[in-house]
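Here is the structure we will look at.
Residue numbers (our numbering): 9 to 411.
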């Protein structure tokens, strides 16, 4: 059976491509050095201390079918967190628990993208580079993905407001990730206000991927749903968040989506037919995690420490931009694939070529001149790895302003 044509233009996923790129290279490690993997966004900070206890207390609930949308207790905990974090009053009926944000970001395309917009094929706006599920969701509903560059020239955020009005009139959905994966940029309140006004003017939904919202340098990033609510347009935003990054629980596969009553009703309806709800023990752990901030504060302090390490080790590299949120460095190089091979061969460090997270449009791939580096390990290990990386990729005097 042939692969559906609408998926035929999807490139191979990033990590199989990286394995192929590095095949046959034997790292030249110095005595005592170990290979370092800085490719995947998998937090390695401690889990919240209560996880095992809460799971054990609820272990018998594996014998029960869980509610599709999430237990009342979990939805209440998420609603309360939205109130504490953003000052929002979001009723549990406007929230649905997810198996991580990827499920919701994909299913939002299925549930919320119309077959036509103003009599034409709908357009889905995608920042470029981007989390690859956005493009798969657009392909699944036969929408036209429009990859909008998010480069240093645009503050590493997509300039959706700069698109032609006739194109914006075809837009059904617009994905936005803030703090951005991979660049670490944060959409400020002015940016979000402009985007919400644009969505209201051209009648489209904003799908706000905010799974890195609790990892930030100085100030908590504003939320798109909060800004839209302040502007009187709460139904313009559907927001997504999870415990993977916030609580160092990627294996729990627990997140949520919140938005307008109609949008969440559509997502719940799709889930009732095609989704897989979280087990009740996982929901109990999730409820406890959303109600606790102490473990989040401790984890954030470690990331902020690593921001300072990165600034100190790499701050003199031309084009280096300090991370504002999230846990990825987006480092400039001549060629991302060549840099990844060089780092693996000379230092035993694995990083992800930026081109694997981007799409080439009109001969330009905005990620080709970058690598993504995950700051997920302990501070000491991160510093040692970044020094090795610097010495391999940026070892000439001119690169550090000493020439």
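Yeah, the Cβ is synthetic: ideal placement off N, Cα and C, and Gly gets one too.
If you draw a straight line from the Cα of residue 397 to the Cα of residue 305, it comes to about 29 angstroms. If you draw a straight line from the Cα of residue 284 to the Cα of residue 244, it is about 26 angstroms long. Judged by DSSP in its simplified three-state form, residue 183 adopts strand.
The alpha-carbon separation between residue 372 and residue 86 amounts to approximately 41 angstroms.
Residue 225 sits close to residue 312, with the two beta carbons spaced by under 8 angstroms. Counting other Cβ atoms within 10 Å of its Cβ, residue 370 stays below 16 and is therefore classed as exposed. Counting only runs of 3 or more residues that sit fully inside the region 103–172, the beta strand (DSSP E) segments are 103–106, 131–136 and 152–157, in chain order.
Annotation note: the region 173–254 contains the following uninterrupted beta strand (DSSP E) runs of length 3 or greater, listed N- to C-terminal: 179–185, 213–217 and 245–250. Between the region 115–128 and the region 145–163 there are three or more inter-stretch CB-CB distances shorter than 8 angstroms, so the stretches are counted as touching. With contacts defined by Cβ atoms closer than 8 angstroms, residue 160 and residue 365 do not form a contacting pair.
Under the three-state reduction of DSSP output, residue 317 falls in the helix class.
The C-beta distance from residue 133 to residue 183 rounds to 6 angstroms, short enough to fall under 8 angstroms. For residue 188, the closest alpha carbon among the candidates 170, 231, 266 and 178 is that of 231. Note on geometry: alpha-carbon atoms of residue 290 and residue 334 lie some 24 angstroms from one another.
For residue 273 and residue 110, the gap between their C-alpha atoms comes out near 19 angstroms. If you check the CB distance, residue 278 and residue 262 do not come in under 8 angstroms. Secondary structure at residue 98: coil, using DSSP grouped into helix, strand and coil. Under the three-state reduction of DSSP output, residue 367 falls in the coil class, being neither helix nor strand. For residue 382, the three-state secondary structure derived from DSSP is strand. Counting only the Cα atoms, residue 383 lies some 12 angstroms from residue 392. Nearest C-alpha to residue 91 among 293, 327, 339 and 234: 234.
Nearest neighbour of residue 403 by Cα position, chosen from 167, 326 and 162, turns out to be 326.
In the three-state reduction of the DSSP assignment, residue 288 falls in the helix class. In this structure, the alpha-carbon of residue 239 lies about 36 angstroms from that of residue 74. Residue pairing by DSSP places residue 361 opposite 379 in a beta bridge.
At the C-beta level, residue 337 and residue 294 stay beyond 8 angstroms of one another. Cβ neighbours of residue 377 within its own chain (closer than 8 angstroms, five residues either side excluded): 340, 341, 342, 343, 344 and 362.
Exposure of residue 50 is indicated by the presence of fewer than 16 other C-beta atoms within 10 angstroms of its C-beta.
Remark: fewer than three beta-carbon pairs, one from each stretch, lie closer than 8 angstroms, so the region 96–104 and the region 124–132 are not flagged as touching. Exclusion of the five residues before and after residue 256 leaves 51, 53, 54, 55 and 307 as the residues of its chain whose Cβ lies within less than 7 angstroms of its Cβ. Here residue 84 has 100 as same chain residues with Cβ atoms under 7 angstroms from its own Cβ, once five neighbours each way along the sequence are excluded.
Annotation for residue 340: the continuous beta strand (DSSP E) segment containing it runs 336–340. Close CB contacts of residue 203 within its chain, under the 8 angstroms cut and outside five residues either way in sequence, are with 168, 169, 182, 184, 195, 214 and 232 (chain order). Closest in C-alpha terms to residue 368, from the list 164, 137 and 267, comes 137.
Around the Cβ of residue 217, a 10 Å sphere holds 16 or more other Cβ atoms; the residue is buried.
Inclusion of residue 360 and residue 47 in the CB contact set at 8 angstroms is warranted, their separation being smaller than that value.
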